[in-house]
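Presented below is the structure to which this report refers.
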Amino acid sequence: MPAAAAKPPPSSLFPYLILLSILLLFLYSSLLSPPTAKTLSFHSTPCNLFLGKWVLQHPSTHKPLYNETCPFQRNAWNCLRNQRPNMVLINSYKWVPEACDLPQIDPVKFLSLMRNKNIGFVGDSLNENFIVSFLCVLRAADSGAKKWKRKGAWRGGYFPKYNVTVAYHRAVLLANYGWQPKQSSVGEEEGVEGVYRVDVDIPAVDWANITKFYDVLIFNTGHWWGFDKFPKDRPLVFYRAGKPINPPLEMMDGLKVVLENMVSLIEKEVPSKTLKFWRLQSPRHFYGGEWNQNGSCLFDKPLQGEQLDLWFDPSNNGVNKEARQLNLLIQEALQGTSIQVLDLTHLSEFRADAHPAIWLGKKDAVAVWGQDCMHWCLPGVPDTWVDILSELIQMLCSSFSFTRKLGRRIDDQKAQAQWLQIHSSILTIPALENLKMAFRIHLFSPKTLPQSQNFQNYPKRPKTQIVCASNNKKNNKKRSDAELASDLATEVGKINTHLAQKEEAMKKSKELLFTEFCQYLALERDEVKKEWRKIDEDEKWGLVNRFVNEWSDNFHPLSARSVKEMLEEYLHDERQPSSSGFVLFPGLKKIMGFSHD
């Protein structure tokens with residue numbers, strides 16, 4: 007009986023092939039795969055500022071930046087002057103995001119960043135509540151601030167020390183609307199006194215002509231879209247192109263059409279260089295009934311997390327369900343736009359304890375209007391809104407101001423495509439979105455920019471498949487270890503090239519910034535390098551701040567910190583010896599038996 011054929015010895019390359027395959031799959035999944043949906047929202051900033059919890063602090067370590075004497079205060083919200091109890095406790099709660107800390111706004115730093123800029127709020131009285139907090143906070147940096155009511159503003163402030171204007175334009179529906187008494191053609195239903203005509207395609211006159219004036223705009227609407235504002239005997243009737251929409255729209259359907267038209271108008275009429283935000287709904291905390299049904303909010307501490315759905319989930323049909331309902335419509339309308347969502351709803355849902363309630367500052371106000379469980383005490387929760395808004399403005403400005411300057415240098419379609427191809431693998435999705443806004447005012451058309459707002463629209467990168475064996479039955483020849491190793495080496499080389507492109511793109515960006523800095527100083531490059539190493543940190547900051555202030559005259563304000571960091575990195579890289587080769591697998595050639603040449 008013939009002896010059984012001996013099994014061939016296992017290939018010495020086999021363990022390495024397995025290891026390389028795993029590592030290559032890992033690398034390609036991170037380098038070449040399309041981003042996950044989770045990374046595509048504005049929440050993908052270094053920290054999601056909108057998710058977290060309220061943490062009680064010692065009153066001495068967490069104080070408001072203003073008090074009842076602020077000249078911008080509105081009496082009904084001035085809970086200190088109106089002697090609402092527990093105001094110290096109310097303002098001792100600090101909003102702490104899940105993965106980071108939210109710093110309190112530095113008014114001096116923020117106004118310095120916004121020098122010669124204007125910030126506008128458009129919407130209903132909750133945006134007015136927001137801006138009153140903002141004005142009082144910023145006044146801490148400029149006691150010479152003056153009231154400002156130009157250009158149709160309902161209220162506002164001018165900060166002469168920094169030449170900054172912050173103002174509010176009242177437009178409760180955003181669209182234009184007006185009262186029409188009962189006529190033969192409208193309001194024929196019995197008991198109808200007349201109608202409010204809403205032109206879904208015409209913006210309210212209060213903000214129609216200010217879109218070019220502001221560098222930052224914060225929009226909202228929602229609190230007037232209810233039957234308490236527009237009851238059945240005085241309903242809303244929607245018009246388009248000057249004619250009634252038929253069949254007539256119910257209120258929520260009308261809101262959807264208004265949102266679609268106003269968002270489209272904002273995208274068209276507001277300059278692309280303007281930072282645009284949309285604040286989602288501020289939740290109400292009426293307990294036991296609506297504002298006109300003895301609803302109350304006499305709470306002395308925030309709600310617990312497990313209570314929120316009971317209060318606000320629409321499926322529970324509670325008094326305060328409208329915030330989440332309206333947010334769904336608003337977010338749907340904002341999909342795929344350059345308008346950033348300012349999602350302040352969740353953090354505000356906890357704070358049932360922070361409304362004016364019965365402390366409204368006027369005798370008999372409660373008897374007439376009921377408790378105010380919708381607006382907020384000031385100082386109070388809107389101060390945290392201000393902290394978040396200022397943090398996001400600073401983040402957005404610093405992340406794309408330099409890229410805007412760089413964008414002006416890219417003057418042909420081929421260069422655009424190459425630049426974007428390289429940088430799409432370097433930048434995070436939020437950074438690409440900021441880049442999109444930054445370049446839109448220069449040479450880049452929307453077709454050449456990555457569409458990162460919507461996952462379905464994001465251009466998927468081709469996935470590279472490493473073929474270890476042919477699937478063609480006609481050519482089912484078994485491949486040798488050397489051939490497999492050669493294929494793997496090719497793929498490793500591609501990764502090496504990809505990483506080198508990333509490194510080269512970042513190097514060029516820093517070099518361009520350094521060139522601009524040298525031109526500003528009117529010195530040769532070597533002179534700047536030499537002097538930079540000699541001067542101390544204070545002198546460096548002084549130079550960078552002056553450079554940023556002059557360089558950003560025609561652009562959004564830059565972050566001096568990010569400019570200084572890029573300069574330091576460039577000069578540090580210049581001093582380091584360059585390295586080449588693929589460091590991840592230094593022994594790859596030796597393992598596979600290739601030459602060392």
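In my numbering, each residue's number is its place in the sequence shown (first place is 1) plus 6. Idealized CB from N, CA, C, for every residue including glycine. Just so you know, these numbers come straight off a predicted model, no measurement behind them.
Just to confirm the assignment, what range does the beta strand (DSSP E) spanning residue i have?
i: Pro289; result: Pro289 -> no beta strand (DSSP E), and no H or E assigned at all.
i: Phe262; result: First, the amino acid is wrong: residue 262 is Lys here, not Phe. Run containing Lys262: none in the beta strand (DSSP E); it sits in the alpha helix (DSSP H), Met257 to Glu275.
i: Lys535; result: Segment Arg531 to Lys540 is the alpha helix (DSSP H) holding Lys535; no beta strand (DSSP E) there.
i: Trp60; result: Gly58 to Leu62
i: Pro77; result: Segment: none, Pro77 is in no beta strand (DSSP E) and carries neither H nor E.
i: Leu132; result: It is not in any beta strand (DSSP E) - Leu132 instead sits in the alpha helix (DSSP H) that spans Ser131 to Leu144.
i: Val243; result: Leu242 to Arg246
i: Val102; result: Tyr99 to Pro103
i: Val347; result: Gln346 to Leu348
i: Phe116; result: Element bounds for Phe116: not the beta strand (DSSP E) but the alpha helix (DSSP H), Pro113 to Leu119.
i: Arg161; result: Arg161 to Phe165
Would you kindly work out how many angstroms separate the C-alpha atoms of residue i and residue j, rounded to a whole number?
i: Leu261; j: Cys524; result: 53 Å
i: Gly163; j: Leu117; result: 13 Å
i: Asp212; j: Phe219; result: 13 Å
i: Cys76; j: Thr390; result: 17 Å
i: Glu545; j: Leu265; result: 50 Å
i: Trp425; j: Ile501; result: In this prediction, Trp425 has a pLDDT of 44, which is less than 50 and means its spatial position is unreliable; nothing more can be read from the coordinates.
i: Arg290; j: Leu332; result: 13 Å
i: Gln89; j: Trp365; result: 7 Å
i: Pro308; j: Gly129; result: 27 Å
i: Val550; j: Cys53; result: 27 Å
i: Thr503; j: Ala147; result: 50 Å
i: Trp375; j: Arg87; result: 19 Å
i: Gln341; j: Lys570; result: 35 Å
i: Gly301; j: Val114; result: 41 Å
i: Ala82; j: Lys188; result: 35 Å
i: Gln215; j: Val170; result: Looking at the sequence itself, residue 215 is Asn, so the reference to Gln does not match. Each residue's Cα considered, the two are about 19 Å apart.
i: Val534; j: His578; result: 13 Å
i: Gly295; j: Pro320; result: 16 Å
i: Asn226; j: Tyr526; result: 41 Å
i: Arg330; j: Ala495; result: 53 Å
i: Gln287; j: Gly228; result: 7 Å
i: Pro166; j: His381; result: 29 Å
i: Thr521; j: Ser354; result: 46 Å
i: Pro241; j: Ser149; result: 46 Å
i: Trp547; j: Ile394; result: 26 Å
i: Cys106; j: His64; result: 20 Å
i: Trp230; j: Ile541; result: 58 Å
i: Pro388; j: Gln400; result: 18 Å
i: Asp532; j: Tyr168; result: 36 Å
Let's see if you can read the secondary structure: which residues bound the alpha helix (DSSP H) around residue i?
i: Leu179; result: Careful: Leu179 lies outside any alpha helix (DSSP H) and carries neither H nor E.
i: Asp615; result: Given a span of 7 to 603 for the chain in the structure shown, any question on residue 615 remains unanswerable.
i: Asp212; result: Val211 to Ala214
i: Ile336; result: Glu328 to Leu340
i: Leu223; result: Careful: Leu223 lies outside any alpha helix (DSSP H), inside the beta strand (DSSP E) at Val222 to Phe225.
i: Trp611; result: Nothing about residue 611 can be read from this structure; the chain reaches only from 7 to 603.
i: Trp198; result: The displayed chain sequence assigns Val, not Trp, to residue 198. It is not in any alpha helix (DSSP H) - Val198 carries neither H nor E in the DSSP assignment.
i: Phe356; result: Neither: Phe356 is in no alpha helix (DSSP H) and is coded neither H nor E.
i: Val94; result: Met93 to Ile96
Is it true that the CB of residue j sits closer than 8 Å to the CB of residue i?
i: His361; j: Cys403; result: no
i: Phe305; j: Asp359; result: yes
i: Thr343; j: Val269; result: yes
i: Gly6; j: Gln186; result: For residue 6 there is no data in the structure shown, the boundaries of the chain being 7 and 603.
i: Tyr576; j: Lys516; result: yes
i: Arg176; j: Trp154; result: no
i: Tyr72; j: Pro385; result: yes
i: Val138; j: Arg80; result: yes
i: Cys379; j: Trp317; result: no
i: Val392; j: Phe140; result: yes
i: Val204; j: Asn267; result: no
i: Leu62; j: Pro103; result: no
i: Val243; j: Ile125; result: no
i: Ile111; j: Ser568; result: no
i: Ala181; j: Ile224; result: no
i: Phe127; j: Tyr174; result: yes
i: Ala210; j: Leu179; result: yes
i: Leu55; j: Leu108; result: yes
i: Met572; j: Leu519; result: yes
i: Cys383; j: Met120; result: no
Could you tell me whether any non-hydrogen atom of the ligand SAM is closer than 7 Å to the CB of residue i?
i: His68; result: The model depicted lacks the ligand SAM and carries no ligand whatsoever.
So, does the stretch 340-351 touch the stretch 268-285, judging by three or more C-beta pairs under 8 Å? Contact between the stretch 340-351 and the stretch 268-285 is present, because at least three Cβ pairs lie under 8 Å.
With a cut-off of 8 Å, do at least 3 Cβ pairs link the stretch 244-251 to the stretch 325-334? By the Cβ criterion, the stretch 244-251 is not in contact with the stretch 325-334, since fewer than three pairs of Cβ atoms, one from each stretch, lie closer than 8 Å.
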